[in-house]
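Protein chains in written order, with this note's numbering: chain G, 14 to 108; chain P, 3 to 321; chain X, -12 to 472.
Cβ atoms here follow ideal geometry from the backbone N, Cα and C, with glycine treated the same way.
Just so it is clear, the structure is predicted and the values come from calculations on it, not from any experiment.
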Amino acid sequence: MLSVQMIYGLAGVLLFTFALRVALSQVAFLRRVLAINVAGAGLFLVFISAAYKGAGQPADPVPHALVLTGIVVAFSATALAIALARRLHRPSDDD
Amino acid sequence: MEALIWTVFDFLLITAMLALGWSALSTHSLRRGIALFIAFGLLLSLVWVRLRAPDIALAEAAIGTGLTGALLLAALRDEESAAGAASTEKPKNTIADYLLIAATVILALILGWALIDALMNRQYSGLANEVFTQLDRSGVTNPVTAVLLNFRAYDTFLELAVLLVAVLGIRSLNVSRRPYLKAGLVLSGLTVWLVPVLIVISAYLLWVGAHAPGGAFQSGAVLAAAGVLLRLSGYHGAGLPARIVIRRALMIVGVLVFAIIGLGLMVLGRGFLEYPLAWSGSLILGIETAATLSIAVTLIMAFLAGETGRAGNQEDSSC
Amino acid sequence: MIDALIWVILIPLLGGLVAVLFPRIAGITGILSTAGMVFACLVLIKLVADSGPQVYLVGGWSAGLGISLYADGLSSLFLLMTAMIALAVSIYASSYFRQSHLRLHYWPLWLLLLSALSALLLASDLFNIYVTLELLGISAVALTALDGKRPAVEAAVRYLVLGLLGSLGFLAGVALLYAAYGSLDLATLATRIQPGAASWAAAALMTAGLMIKTALFPMHFWLPPAHANAPAPVSAALSALVVKAAFYLVLRLWLDLFGVSLSGGVSTLIGLLGAAAVLWGSWCALQAERLKVLAAYSTVAQIGYLFIFLALILEMPVGIPRDEAIAGLMLMALSHGFAKSAFFLSTGIIQQRQGHDRIKELAGAVQGMPVTTFTLALAGIALIGLPISGAFLGKWQLIDGALYLHDWLLALVVLAGSLLASAYIFRVLGQAFGNSPYPTKVLSIGMQEIPAMVLALIATLVLGLASGPIWPFLEVTVMSGRAGM
């Protein structure tokens, strides 16, 4: 169980840091948004790995609830980011 | 032997997921990157199932991958038509970039070490025990639903507010999307069949969330997917009610019902969102139903980027 | 009675929902909601003053399983400041947006931002804090981009991206702490936390994430464009309240959670960054050509002072000097909140009258609007930290604390910052003395000018002269804090 937690958790760390690097560098805006989403996914992976209790037992449900919340929040932020970018590209007629 | 198979499986799964994540962010074409991101998301859903988190797998597939992917693709389509697909990526060989790479490597090492340290030296095993001992007082048997809608309902309440605020912000920007062409035979045929099925699945997920993986978020996301599908097939309204007042009401009904139930319980002398044992199940179902409607409507509106049913109308749009 | 905690959060939230459904009465709803919020905060303060810190278990579940809310002197004072500034800004905004179609979008977002602030100030659960941070961040970004013009939207995009990165850092820390110690509740974690890789990494991540959100040098660059290009009532709230909320979290985390067992070189680093913020922010404010840009950089500098305070507090052993330093920090934060919001609101009045806020061309407008000029002057006094303002007492405490720790350099930085502040404030006020025509009316737009003036008066007179009774209340906070208990 511990090894499963660790390999998935470390995979999450890798995703998180790599995506963070992409988000901080000079890339196109949509790519940055993508990177933030992947970084979030990496963090969620860390949370859920720590919640895993082995094949026999049910997992710890609290991190599951937290990650569920996190997914929705991430979507909200992404949607707002995209709408803002869109406003920059094409201001609407009643400016 | 079984352990070995699992290990190999884990290894393959993780490698595939990391490879997809890396290439999604590194590939030159944004379109390919988004497609790879969607694939990454689906693999991530498998990982969630592997880690015994089926509720999250549902939500990830529906919201994290499906709706986000659709949103990103729509954004890319708009961006390309507006700006002529100019790339703003700068060459990658400056010192700052190397420093950044070095910093993230160090960060990864520190985090990895911290995580290993945390996992190996744990003295406290988390809140699982408390959840399971109190589960029969929560009104549902699905522990994740119990946490979301009872023990930590306040967080869910605020989270619905986050979704609402994001959509309010989006609609204030008044950015309308170009409508899609009316679908051809295959897509419209598919839509006619698929949308009712999605609605039924959504209702099922809402109902079953009390004792199996599922719940308001998954249900709302599936319903939103039906709306997005309608939109992509050329139905401009995406299934939303035409009257503005009803749309506004649906947007807020989730947060509102939560607040009203919480307040009502306070008036009755209990605490905010402190459900009486006998009513827990029904109250939770009631809140979840309202939340499903709100979630579906707000997710659809986020995808529409706050636009009306009528293509030409820009002034004080969607609501 | 304890329900006051929940009411502080619910009142603006319900107001926001009403504002979505019934946009026509949105302005009235806003003013009523903020008034209700002030009332609830007063009830809360009375409660805390009488019976000490209040804990509220939402849903009735115990502190590990459920989410708890916590109100002590620190949070309730910040809450009262938030509510009072909110009321003033709401009155102002109902006039400011009268002609504008933006008011449709402003009120729901503004009221929900307020509920986010209340929820954040009362939160005592790590993930709950994360959710409130996101609610706050998203509503703040949406408000920044409210007028839809290019500079505002660009600033909003940058604010959003950096804010998200900050939140991710915070969440990473939460993940580590939960993995290591199995709880999300601050009080429980405080008893379990030990120095170790996980705690250190979590502290670093969470602090770094919050530093971005509070615009501490060098992560401050998103703030000037955002605050300068937002509509005036929004800028007031952003500078006075939103960045403070992130600082409040840093303070809370270090006092109640990390500060107990970790420390070391952190305080030196924080002190250095704070000093850099003071000097750099004040210098840029001096160069600013627009009033709003000046005010935004001034906020960067003020945040620096707060972090210098924090650095000193972390170094001090638990005792009277430390308590006094914390009280001084709060006085400074409160004073800045009132003063900066008054400053931004006045700038808004000038901007509406003249069409711009360029400092060199202020003379005519400023002399034609005596109340506004008076407000600017008072606010300026509080920002510099001249006597009779709350900030004066605060800065006095700061220098006192620095000298107590024999940190001459920090004391010097504070003095230098005050000097620079005098320079940039008097540069603005100097425009008020000239040959332009006498003012014919005292008040031009009462509904806008009066709230601004009241805020400035609070920053100076109330917090300065009348802060006597407040001081012991501030000290009660500190001693009933959980750290070391």
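- Listed as beta-bridge partners of arginine 345 of chain X by DSSP are X:Arg277.
- Fewer than three beta-carbon pairs drawn from the segment 97 to 104 of chain X and the segment 27 to 42 of chain X are found closer than 8 Å, and the two stretches are therefore not classed as touching.
- Only residues of its own chain outside the window of five on either side were considered, and among them Ile199, Trp209 have a CB closer than 6 Å to the CB of leucine 149 of chain X, listed in chain order.
- Here tyrosine 43 of chain X is bridged, per DSSP, to X:Leu56.
- Contacts with chain X (Cβ-Cβ distance below 9 Å) from the segment 266 to 292 of chain P involve Met268, Arg272, Gly273, Phe274, Leu275, Glu276, Tyr277, listed in chain order.
- In the assembly as shown, glutamine 70 of chain G is an exposed residue. Its beta-carbon has fewer than 16 other beta-carbons within 10 Å.
- Within chain G, the C-beta atoms nearer than 8 Å to that of phenylalanine 114 of chain X come from Leu79, Thr82, in chain order.
- Just so you know, the alpha carbons of leucine 137 of chain P and alanine 63 of chain G end up roughly 21 Å apart.
- The straight-line gap separating the alpha-carbon atoms of methionine 3 of chain P and leucine 93 of chain G is approximately 49 Å.
- Within its own chain, the residues whose Cβ lies closer than 6 Å to the Cβ of alanine 26 of chain P, once the five positions on either side in sequence are excluded, are Gly35, Leu38, Phe39, Phe42, listed in chain order.
- The Cβ neighbour count for leucine 332 of chain X, taken over all protein chains shown within 10 Å, is at least 16; the residue is labelled buried.
- Annotation for arginine 34 of chain G: the continuous alpha helix (DSSP H) segment containing it runs 15 to 37.
- Identification of chain X residues near serine 127 of chain P by a Cβ-Cβ cut-off of 9 Å yields Gly169, ordered along the chain.
- Contact between glycine 367 of chain X and valine 415 of chain X holds, with the beta-carbon distance rounding to 7 Å and staying under 8 Å.
- Per the DSSP secondary-structure output, alanine 110 of chain X pairs in a beta bridge with X:Leu56.
- Residues of chain P whose Cβ lies closer than 8 Å to the Cβ of leucine 15 of chain G are, in chain order, Leu121, Met122.
- Secondary structure remark: continuous alpha helix (DSSP H) runs of at least 4 residues inside the segment 256 to 334 of chain X, in chain order: 278 to 302.
- Using a Cβ-Cβ distance cut-off of 8 Å, the segment 210 to 228 of chain X and the segment 275 to 290 of chain X are in contact, since at least three pairs of beta carbons, one from each stretch, lie closer than that value.
- When beta bridges are read from the DSSP output, aspartate 172 of chain X appears opposite X:Asp112.
- Flagged as an interface residue toward chain P: glutamate 121 of chain X, by a C-beta distance shorter than 7 Å.
- Leucine 165 of chain P is a Cβ neighbour of serine 89 of chain G, given a cutoff of 7 Å.
- Looking from the CA of leucine 234 of chain P, the closest CA among P:Asp57, P:Gly191, P:Tyr206 belongs to P:Gly191.
- In the three-state scheme derived from DSSP, where H, G and I count as helix and E and B as strand, histidine 77 of chain G is classed as helix.
- When X:Gly451, X:Ile180, X:Leu390, X:Val(-5) are compared, the shortest CA-CA separation from glycine 23 of chain X is found for X:Val(-5).
- Nearest C-alpha to alanine 280 of chain P among P:Ala130, P:Gly141, P:Leu150, P:Thr70: P:Gly141.
- With contacts defined as CB atoms closer than 7 Å, leucine 69 of chain P and leucine 301 of chain P qualify as a contacting pair.
- Within chain G, Leu47, Asn50, Val51 have C-beta atoms less than 8 Å from the C-beta of phenylalanine 39 of chain P, given in sequence order.
- Secondary structure within the segment 113 to 148 of chain P: the alpha helix (DSSP H) runs of 4 or more consecutive residues, fully enclosed, are 130 to 136, 145 to 148 (chain order).
- Leaving aside the five residues that flank isoleucine 290 of chain X on each side, the residues in its chain whose CB is nearer than 7 Å to its CB run, in chain order, Thr201, Ala202, Leu203, Val230, Phe234, Ala264.
- Boundaries of the alpha helix (DSSP H) harbouring asparagine 50 of chain G: 42 to 64, taken from the DSSP string.
- Close to serine 204 of chain P, with beta-carbon spacing below 8 Å, lies no residue of chain X; the smallest spacing is near 24 Å.
- With respect to the 7 Å criterion, leucine 442 of chain X and serine 328 of chain X are classified as neighbours on the basis of their beta carbons.
- Short of 8 Å from the beta carbon of leucine 28 of chain G, and not among the five residues preceding or following it, lie these beta carbons of its own chain, in chain order: Val51, Ala52, Ala54, Gly55, Leu58.
- Alanine 36 of chain G is classed as buried because its beta carbon has at least 16 other beta carbons within 10 Å across all chains shown.
- A Cβ-Cβ separation of about 37 Å leaves histidine 238 of chain P out of contact with asparagine 144 of chain P under the 8 Å criterion.
- Contacts with chain P at 7 Å (Cβ-Cβ) include serine 126 of chain X.
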